[in-house]
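Undergrad:
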Amino acid sequence: MRSSLSCDVCRRNKVKCVNEGHPPCRKCEKAGNLECVLSRPEKPGARTPKRVRLAAGASRDDTPGGAVLGARETVPNSSGSVVTASISSSSQRNVRGHGHAPGQSHEAPSLGNITAHLAAIPNSIILKTLNIFSCKYPELAVLHPTVFMRDLVDPRSQKESQVLLAVALAVTRDQLRDHEDRILLTRDVYASYAKEHLSEFILQPPKVQVVQTLLIITLHEWGSRDFHRAWIYCGIAIRIMQALHSARVAPYPLDIPSPAPNDPLTLAVESRTYWACFIMDCTVNAGTYNPRMLPRTEMRKLRVGRPLSAVEFAFGPAAPPAAAEPSVSGPLDITQSFEIMVGGFDVWAQVMAFVFNDGRRAEGMCRAENCPWVEGTVWAELRRSLEEWRAGQHRRLLYPENSAAVHISLGYGESFTYLNLLYYVSTLMLHREYFPLLPEQDQIPQGPVDPCLQAEAPAGWWDESARELFGAAEKIARLLHETAECGGLLMTPFVGFCAFTACCMNLYVSFFPRMNLGRSPDAAKLMNWTLDYLKEFQSVWKLGSGWIKTIQNTSLLYERAAANRSRYRGKSRSDFNHLHQSLHEFRNVDRSDQHLQEINSAETPMEPLPTPTDPPTTSTTAGGEQPPADASALLGQMLAERNHCCRITMAPSREDPIAIEPSPLPCNSSLHDTSKVSKDGHLLHRSLVHTPAMVESAKGLNLFLSNGQTVMDACGGAAVALIGHGNEEVQTAMLEQASKVSYVHTQSYTTPAAEGLAHILLNGNPHGLEKALFVGSGSEAVEQQSYHGNTLGAMSISSNVARKVPYEGFAYPHVSRVSPPYAYRYMREQETKAQFTARLLQELEDEFLRVGPERVVAFVAETIMGATSGCVTPPTGYFKGVRSLCDKYGILLILDEIMCGVGRTGTFFAFEQEGIVPDIVTVAKGLGGGYAAIAGVLVHSKVVDVLRSGTNAFNNGHTYQAHPISCATALAVQRIVQRDNLVDRCAKMGRVLEDLLRSELRDCRSVGNIRGRGLFWAVEFVQDWTSKETFDPKMGFGARVQQVAYQAGVALYPGGGTVDGTKGDHILIAPPFIVTEQQLRHICQVLRVAVEAVEGEAL
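Letter 422 of the sequence shown, counting from 1, is numbered 422 in full-length UniProt numbering, and no numbers are missing.
1. Pull up the distance between the alpha-carbon of Ala867 and that of Ser224, whole angstroms please.
2. By DSSP's criteria, Ala962 is part of a beta bridge. Which residues make up the other side?
3. What does a CB cutoff of less than 8 Å around Leu219 pick up in its chain, not counting 5 residues either side in sequence?
4. Please classify Thr691 as buried or exposed, where buried requires at least 16 neighbouring CB atoms within 10 angstroms.
5. Mapping the DSSP letters down to three states, classify residue 1108 as helix, strand or coil.
6. For the alpha helix (DSSP H) that contains Ala473, what are its first and last residues?
7. With a CB to CB cut of under 7 Å and the five nearest residues on each side skipped, what residues in its chain are close to Cys1084?
8. To the nearest angstrom, report how far apart Val711 and Ala563 are at their CA atoms.
9. Can you give the beta carbon distance from Thr863 to Leu840, rounded, assuming they're within the 8 Å contact cut?
10. Please state whether DSSP places Ala861 in a helix, a strand or coil.
11. In the DSSP output, which residue or residues are listed as bridge partners for Asn1009?
12. Would you say Pro439 and Met365 are within 7 Å of each other, going by their C-beta atoms?
13. For the alpha helix (DSSP H) that Gly928 lies in, which residues bound it at each end?
14. Tell me, please, which residues DSSP counts as bridged to Gly1038.
15. Could you tell me if residue 1113 is buried or exposed, where buried requires 16 or more neighbouring beta carbons within 10 angstroms of its beta carbon?
16. Once DSSP output is grouped into helix, strand and coil, what is the label at Ser110?
17. Does DSSP classify Val37 as helix, strand or coil?
18. Count the C-beta pairs between the stretch 959-971 and the stretch 1003-1021 that are closer than 8 Å, then say yes if the count reaches three, no if not.
19. What distance in whole Å lies between the Cβ atoms of His578 and Gln594, which are believed to be in contact at a cut-off of 8 Å?
20. According to DSSP, Thr266 sits in a beta bridge with which residue or residues?
21. With Pro145 as the anchor, note down where its alpha helix (DSSP H) starts and where it stops.
22. Return the first residue and the last residue of the beta strand (DSSP E) that Lys542 is part of.
23. With Ser697 as the anchor, note down where its beta strand (DSSP E) starts and where it stops.
24. Below 7 Å between beta carbons: does that hold for Leu198 and Ala276?
25. For the beta strand (DSSP E) containing Pro1054, list its first residue and its last residue.
26. Using DSSP with H/G/I as helix, E/B as strand and the rest coil, what is Asn420?
27. With a cut-off of 8 Å, do at least 3 Cβ pairs link the stretch 872-887 to the stretch 731-743?
28. Is Thr710 helix, strand or coil by DSSP?
29. Going by beta carbon distance, what residues of the same chain come within less than 6 Å of Asp656, once the five residues before and after it are set aside?
30. Quick one: which unbroken beta strand (DSSP E) runs of 3-plus residues sit fully inside the stretch 873-903? Chain order, please.
31. Measure how close the beta-carbons of Ile1067 and Gln1042 come, nearest whole angstrom, since I'm counting them as under 8 Å.
32. State yes or no: is the C-beta of Val902 within less than 7 Å of the C-beta of Leu938?
33. Could you round the C-beta distance between Tyr568 and Glu603 to whole angstroms and report it? I think they count as a contact, below 8 Å.
34. Nearest to Gln175 by alpha carbon, out of Ala935, Ser465 and Asn131?
35. Inspect the beta-carbon positions of Leu893 and Pro918 and report whether they are closer than 7 Å.
36. Whole angstroms are fine: how far does the CA of Leu453 sit from the CA of Ser582?
Next comes the structure, spelled out in structure tokens:
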């Protein structure tokens, strides 16, 4: 056998391992094998190396190889020879520390090698680990640096202390990402090492290091969703701690030798560890039906002294802990945070026990004498205990009166966060128990419905309960957000549970705002903050994935209920038992299948969903275990289960894109009710091949199809549905007008509806616009690269090549065109936007002069190009220059705002943002908001003055001009727009949409340009970012994206011929102005998933 250092790869291949004494060897380096490990071959009869021992006071940093773990650790053995233990660098592994680099295999280090590795870790890293652990896991702040470092070199406790170091590294590994990342092993390696040794330790005489290791591994297993192991480990820790404590306080000697040493610091560590056992007992039994092993009464009976303050723990108590049984007088300050935390976890565990033992639904709890406002009841006593606990804290510990940032600067930020989370999550859990799971849309707080309480609450009680409930959810979200922004992000299972609980309640009130009487305007934003936290949390702990699934399924229920009141009318908590159970589970079990079954089964009877031919599949890790999915993947899974329209393959993170196998086109006959409309029906559709999906009803942003599928209308049809679907106020206005007068001919009559609509649009002559003409469509309104309509006149001045082809030879000949202000495509290399604008204006003036200004009637343009080119916004100064040229040559400026007007871009008219006023502007889609077919021509006073001075008439007319029902409908829509400040809301939500689009699509290879204003945005697709090469038009890239998104329940507006009428693809996003931030996030996530799926086909 070779006597030199070599790696396993070279040994297996029987080649010389060329190296410089440290990995990787040249062969592995050339092959890209970062898992190279150098070692000497084991010689026959070689003995297992002894553990490194350092004399007290010696520096571990001076240990040979201790500074560089990629090199060798040499340890003398009993025969005097040298044994080399080589450990591979953790930088070769997954950055999260969970496994190995993709596509590589790695043989786990032996226990002996890990022991040598632990012995060689520098003191600086050990002390940093202890500090991080104490800060980030304040409920287990049991590791005393002086005592720990002493025990680590003490032969009597060295082995147990090394295992304790390993488990501390297992839970802090993610925070050690600087130079330490190169020399540490993975989380799983450390955790496995600790568990291997625990089986040896637990039956030995009790040691506090073993108890501490068991407590930390309990937390690790809980976060990894191995709840049974966590529960068992915690129980063993408690029994060992009881034995250790008994050995100290028992009046007669026991068969277990008395622990040593007996100095104040050791006693302080043991006292703190006992109370940590108490806290972990509270957590692992919270949300279960198991009784606690260490109730507070048991701690008193065993004469366990009060929890020590930070100062007492650091320097040792002045008197033995048992002698300090009475609590200190006065409010407790931040140095006593651990003692406060003990009391808080005690109350929280009692609250969780109340909830899990059926809470208000337990036998007799709805009787008048047991109602929550009655003194002495279970609920009232829990509330009293909570408030007494809170009152015992110093005022500087209360949030939001005091900020987390200040406490973080003092080094107590994490403890401050914990204390306030304990209060607010307990408050939330208590009050939520008496709120309905699924309220009516307009319901106000008034107590539960299944069963109802048998007494009336005092006046204002429910309003105050709602204020406290949703106020607690808000404060949890804000506290976590503030803490994270200050660098104090906590990733413990308890904090994750608090984020989950707050997220659920903010989700609830965002859908049912009247349940807090409109006092939660930021609910959607707060929900997204906590959801973002949980996405980060699940990258560290598997526990987070179950909570995110519960949130997604709850959102699905609330979205459906809010969109259609009758869908779940009469349903209550008892119809969603599994979902309700998951909403308050700290021990989160994946019940997604039951959730979806309950949500679908509880609906008002509808036609059954089609059975999918291919059920959703999930990718797995090498070990066959399903990886944790990120929020987008979970969203995809939920949509697939809900709609049964596509197969989605889960991926562990956004870096590993979700693979979607699209089903047929959304207009495929499988998506409509063929029993009601057959392919041989009498309605002439746009396609004679495919029949469109049948929409039976619509509400808000949602379209409800006859096959049971729900589609979110993210494009407002064609930027039409301004205020969403199913608005009852508009429906009432339509019916009232129909009952008064349904039609008159405008040659002889007018109606209050038509006059009122003109008044609300032009009251005060905004921008000099004086008169309005109302017709039935945008094409009629224009009849005058943009697409202006389908009538012959409108088509003549349009540049949509594909739509004009059939009418070549019929179009009006006297139309001239100039280049569009489409900077992404037409701005030259090295040309600034100012130069581009100047060139376009010069081209326009040259064209005026070429044709002859006296022969040019008008210049017609879309203020923002809509469907044809996809929300192309003009460069700054372009329309000011156009206005100037038109004025110079006496030419009318007509702006087509059929699509971009009526608030769609964040101002009522899009031209307002250009600093100009047209002579004529046309509006349509948003005017009636989709409730009626109506368009308007708004005319400037100077044009009207010309009519007055001439024929004094407007010689034009249409049969359905100013139709009374259409005008009444549009009037109702515009009143809502004005009353609810929806144009301002459009501007605000437009900024949110822009941020989400740029964030979600930043890594998509096909996204060339994102552009728009307000809630009018488009994404242009390219094959190559540099050349801006388009996809083959035959592929229909934009249409494919639309199809995949539609299958996932989101409707987008695709466009082709973006560049020149033939080439180019884009998608348009133009949701109703009532869209929420949560819905925008959902839309953008689905869009990203769809784009990545189609990229997989095309690139």
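Here a beta-carbon is modelled for each residue, glycine too, at the ideal position from N, C-alpha and C.
TA: The answer reads as follows:
1. Here residue 867 corresponds to residue number 867 of the sequence shown, with the count starting at 1. Here residue 224 corresponds to residue number 224 of the sequence shown, with the count starting at 1. So the two alpha carbons sit approximately 49 Å from each other.
2. Looking up residue 962 in the sequence shown gives position 962. DSSP, once it has assigned bridges, lists no residue as partnering Ala962.
3. Locating residue 219 in the sequence shown gives position 219, counting from the first residue. Tyr137, Leu140, Val171, Ala230, Met280, Thr492 and Pro493.
4. Within the sequence shown, numbered from 1, the residue matching residue 691 stands at position 691. Classification for Thr691: buried.
5. Here the chain has residues from 1 to 1099 only, and residue 1108 is not among them.
6. As a first step, residue 473 must be located in the sequence shown, where it is residue number 473. Per DSSP, Ala473 belongs to the alpha helix (DSSP H) from Trp461 to Glu485.
7. In the sequence shown, the residue the question calls residue 1084 occupies position 1084. Cβ within range, chain order: Leu996, Leu997 and Glu1000.
8. If you number the sequence shown from 1, residue 711 lands on position 711. If you number the sequence shown from 1, residue 563 lands on position 563. For Val711 and Ala563, the distance between alpha carbons rounds to 11 Å.
9. The count along the sequence shown starts at 1 and reaches residue 863 at position 863. The count along the sequence shown starts at 1 and reaches residue 840 at position 840. Actually they are not in contact, since the Cβ atoms of Thr863 and Leu840 sit about 15 Å apart, beyond 8 Å.
10. Here residue 861 refers to the residue found at position 861 of the sequence shown. Residue state, collapsed to three classes: strand.
11. In the sequence shown, the residue the question calls residue 1009 occupies position 1009. Paired residue(s): Glu1020.
12. Reading the sequence shown from its first residue, position 439 is the one you call residue 439. Reading the sequence shown from its first residue, position 365 is the one you call residue 365. Taking 7 Å as the Cβ cut-off, Pro439 and Met365 do not qualify as a contacting pair.
13. Translated into positions along the sequence shown, residue 928 becomes position 928. Segment Lys925 to Gly928, the alpha helix (DSSP H) holding Gly928.
14. Against the sequence shown, residue 1038 aligns to sequence position 1038. DSSP lists no partner for Gly1038.
15. Because the chain spans 1 through 1099 in this model, residue 1113 falls outside it and cannot be assessed.
16. Taking the sequence shown and counting its residues from 1, the one referred to as residue 110 is at position 110. Three-state result, Ser110: coil.
17. Stepping through the sequence shown from its first residue, residue 37 is reached at position 37. In the structure shown, Val37 sits in coil (DSSP, three-state: anything other than H, G, I, E or B).
18. no
19. The sequence position of residue 594 within the sequence shown is 594, counting from 1. The sequence position of residue 578 within the sequence shown is 578, counting from 1. With a Cβ gap of about 4 Å, Gln594 and His578 count as contacting.
20. Counting from 1 along the sequence shown, the entry for residue 266 is found at position 266. Bridge partners of Thr266: none, in fact.
21. Within the sequence shown, residue 145 is the residue found at index 145, counting from 1. Segment Pro145 to Val153, the alpha helix (DSSP H) holding Pro145.
22. Reading the sequence shown from its first residue, position 542 is the one you call residue 542. Note, Lys542: premise wrong, no beta strand (DSSP E); not H, not E.
23. As a position in the sequence shown, residue 697 is number 697, starting the count at 1. Where Ser697 is concerned, the enclosing beta strand (DSSP E) stretches over Val695 to Lys699.
24. Here residue 198 is taken as the residue at index 198 of the sequence shown, counted from 1. Here residue 276 is taken as the residue at index 276 of the sequence shown, counted from 1. Result no, Cβ atoms of Leu198 and Ala276 do not sit closer than 7 Å.
25. As a working note, residue 1054 is residue 1054 in the sequence shown. Here the beta strand (DSSP E) through Pro1054 covers Tyr1053 to Gly1056.
26. Taking the first residue of the sequence shown as position 1, residue 420 is located at position 420. Of the three classes helix, strand and coil, the one that applies to Asn420 here is helix, per DSSP.
27. no
28. To locate residue 710, count along the sequence shown from 1; it is residue 710. In this structure, Thr710 counts as strand in the three-state DSSP scheme.
29. Residue numbering aside, residue 656 sits at position 656 when the sequence shown is read from its first letter. In this prediction, Asp656 has a pLDDT of 33, which is less than 50 and means its spatial position is unreliable; what the coordinates show is noted afterwards. Excluding residues within five positions, none has a Cβ falling inside 6 Å.
30. 892-897
31. Residue numbering aside, residue 1067 sits at position 1067 when the sequence shown is read from its first letter. Residue numbering aside, residue 1042 sits at position 1042 when the sequence shown is read from its first letter. That pair is a contact at about 6 Å.
32. Here the question's residue 902 lines up with position 902 in the sequence shown. Here the question's residue 938 lines up with position 938 in the sequence shown. No; because the gap between Cβ atoms is not below 7 Å, this pair is not in contact.
33. Position 568 of the sequence shown holds residue 568. Position 603 of the sequence shown holds residue 603. 7 Å between Cβ atoms; contact.
34. If you number the sequence shown from 1, residue 175 lands on position 175. That would be Asn131, whose Cα lies nearest to the Cα of Gln175.
35. On the sequence shown, residue 893 is found 893 positions in, with the first residue counted as 1. On the sequence shown, residue 918 is found 918 positions in, with the first residue counted as 1. It is a contact, given that the beta carbons lie within the stated cut-off.
36. Here residue 582 corresponds to residue number 582 of the sequence shown, with the count starting at 1. Here residue 453 corresponds to residue number 453 of the sequence shown, with the count starting at 1. Taking the straight line from one Cα to the other gives about 24 Å.
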